[in-house]
Each structure stands twice: as structure tokens, then as C-alpha cells.
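Visitor:
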Amino acid sequence: MGALYWQLNDVWVAPSWGSIDYTGRWKLLQYHVKEFLAPVIITGYIDTDKQLKVYVVSDLTPELPTFVASICVYRWNSFTPVSKSNIMMDIDGGSSKLIHTIKINVLMRMSDCGTGADAFRNCFIHLSMIDQSGKQMAPNNYVFPTKIRKSSLQNPKLKISSVKKGADKVFNIEVTSENIALFVTLDSHKIRGTFSDNGFVLVEKNKTVIFFSENDTTTEELLKELTVVSVFDYTDQS
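For the sequence shown, the numbering used here assigns the number 580 to the initial residue and increments by one for each residue that follows.
#1: Start and end of the beta strand (DSSP E) containing E783?
#2: Grouping DSSP H, G and I as helix and E and B as strand, with all else coil, what is M687?
#3: Quick one, which of T764, I752, L686 has its alpha-carbon nearest T797's?
#4: Buried or exposed for M580, going by 16 or more other Cβ atoms inside 10 Å?
#5: Can you tell me where the alpha helix (DSSP H) with N656 in it begins and where it stops?
#6: Give the range of the beta strand (DSSP E) segment to which D710 is assigned.
#7: Quick check on the burial criterion: 16 or more other C-beta atoms within 10 angstroms. Buried or exposed for A648?
#8: Can you tell me whether R654 is buried or exposed? The criterion is at least 16 other CB atoms within 10 Å of its CB, across all chains shown.
#9: For the pair the region 675-682 and the region 720-730, tell me if three or more CB-CB distances fall below 8 Å.
#10: I'd like to know if the region 603-614 and the region 653-668 are in contact, where contact means that at least 3 CB-CB pairs between them fall below 8 Å.
#11: Can you list, in chain order, the residues of its chain with a C-beta nearer than 6 Å to that of K707? Leave out the 5 residues immediately preceding and following it.
#12: Would DSSP call Q609 helix, strand or coil?
#13: Restricting to Cα atoms, I'd like to know which of T787, L761, F791, F774 is closest to T814.
#14: In chain order, what residues of the same chain have a beta carbon less than 7 Å from the beta carbon of K784, not counting five sequence neighbours either side?
#15: Pick helix, strand or coil for T773, following the three-state DSSP scheme.
#16: Between L639 and K803, what straight-line distance do the alpha-carbon atoms span, to the nearest angstrom?
#17: If I measure Cβ to Cβ from S595 and keep anything under 8 Å in the same chain, skipping five residues before and after, which residues do I get?
#18: DSSP beta-bridge partners for F573?
#19: Grouping DSSP H, G and I as helix and E and B as strand, with all else coil, what is M580?
Shown next as C-alpha cells:
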């Protein structure tokens with residue numbers, strides 16, 4: 580289809596919209612660029628008629644083999660989805676296809692999210708796509724029925740439970756959570772490098788993220804520098 584974003588990197592030190600800063604450090608935008616420019620995506624939105632519409636978009640030339648698209652509804656206080664719909668289908672290469680439409684109020688009611696504005700605060704929608712062998716075919720995506728600041732976010736009590744050294748300058752970092760965590764962000768501060776994933780939505784109790792260090796460092800040094808936060812840490816908790 581073609582897509583463009585502004586901008587990739589900075590050529591001087593300044594606060595800017597570049598996704599890579601002057602020192603080469605990745606901002607969160609750069610991690611999301613990998614996802615919204617992926618060759619295959621699953622995406623959804625709520626239109627002006629209050630309908631949830633879910634599309635699959637493929638920039639690949641060949642037809643995609645049969646895949647399963649999953650539409651899950653989660654409450655913010657549980658890792659177990661309150662409803663799940665699986666759609667098995669295929670899609671032509673170089674195309675965008677509407678795969679599911681449902682009134683958002685109906686979906687919230689079917690999922691026992693509550694009624695009215697409460698339902699939109701209590702739940703959100705998780706979109707995923709796998710092939711018949713279970714391999715992920717597209718980045719996970721999300722639809723939030725209301726503004727995030729109005730959502731019933733729970734304290735995830737995030738922590739880095741372990742850091743283990745793998746290959747040269749490669750570390751496996753395990754992040755654990757007690758609740759669903761929105762846009763989990765890892766920072767290595769003084770230790771330069773990139774993460775395999777960052778700014779992600781955690782819908783399970785733990786996740787392993789790989790850190791690729793630019794320089795030689797130890798597990799102890801990395802653990803000392805690492806921090807992890809989510810949107811909850813920046814909300815009014817009074």
C-alpha cells in the first residue's frame with residue numbers, strides 16, 4: 580500500500596519527533612515503526628456508527644495462506660479474555676480486507692463488560708493473527724473503546740524478575756506483572772543498546788525481552804541500570 584512517517588533520526592541534539600535520537604538510542608516510536616510498517620497487519624477501529632471494524636492488510640505479493648484472526652476482549656483486571664472470536668480465512672496479496680464488523684455496544688454486552696460508559700472503561704480489544712501452525716503472522720494490535728485516561732487501569736506492579744546473559748552482548752530480560760500493563764517501557768539508561776520489543780501491552784503474567792548491548796557489560800551492571808514502567812505510573816492515583 581505504501582506508508583510514510585516523519586521522521587527517522589536526528590542530526591543534532593534536540594527534543595524532536597525523530598524516532599532515533601542523535602546518539603542512536605531508539606525512542607518508543609522506532610519500536611512501533613517495526614509494527615505499523617510490517618508487511619502484514621491486523622487493525623481495527625470504531626467508526627462513527629459505533630461499529631468495530633477489523634481489517635487485515637497485506638503488502639506481500641503472494642496470497643496469504645489460511646490464517647486465524649483472533650478478536651479477544653479483556654477486562655483490565657484479568658489476564659483471561661472475557662470473550663474470544665476466531666476467524667479462519669485467507670487474503671490476496673497486496674490487498675486490504677474487512678474481516679469482521681460488530682456493534683461495539685453489542686460486543687461489550689456479550690463480553691459482560693458492563694453497560695454504557697462503564698463497559699468502555701472496563702474492557703479493551705486485543706487483535707492477533709497466526710497461521711495454521713500457530714506462528715504469529717502480524718504484530719498484535721489493540722482497540723481502546725474510550726480514552727486511556729478514562730480506562731479502569733489496574734496497578735500492574737511491574738518488576739524485572741531476572742536478567743540472564745545469552746550470546747555475546749545479548750541478555751534475556753524477564754518482565755513480570757500482576758495485572759494487564761499498558762505500553763510497558765524498558766530503559767537501559769547508561770548502557771547503550773536496543774530491545775527486541777518495547778512499549779508493548781502485556782496481556783500475560785510474564786514476557787521475555789531480549790536486549791542487544793552495543794558494548795561489553797555484565798548481568799549485574801545491566802540489572803542495576805534497567806527500569807520498567809507503564810502508563811499506570813503516569814496516571815493520577817490519588
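From the three backbone atoms N, C-alpha and C, an ideal C-beta is built for every residue, glycine too.
Guide: According to the structure data:
#1: From DSSP, E783 is part of no beta strand (DSSP E); its letter is neither H nor E.
#2: helix
#3: With distances taken between Cα atoms, T797 lies closest to I752.
#4: In this predicted model, M580 has a pLDDT of only 46, less than 50, meaning its place in the structure is not dependable enough to derive any value.
#5: In the DSSP assignment, N656 falls outside any alpha helix (DSSP H) and carries neither an H nor an E.
#6: 702-710
#7: buried
#8: buried
#9: no
#10: no
#11: Note that residue 707 is Ser in the sequence shown, not Lys. Counting only Cβ-Cβ distances below 6 Å, and skipping sequence neighbours, we find S649, N719.
#12: helix
#13: L761
#14: F658, T755, S756
#15: strand
#16: Taking the straight line from one Cα to the other gives about 43 Å.
#17: Q586, D589
#18: In this structure the chain extends from 580 to 817, so residue 573 is not present and cannot be described.
#19: Low local confidence applies: a pLDDT of 46 at M580 is under 50, so the model's placement there is unreliable, and no value is given.
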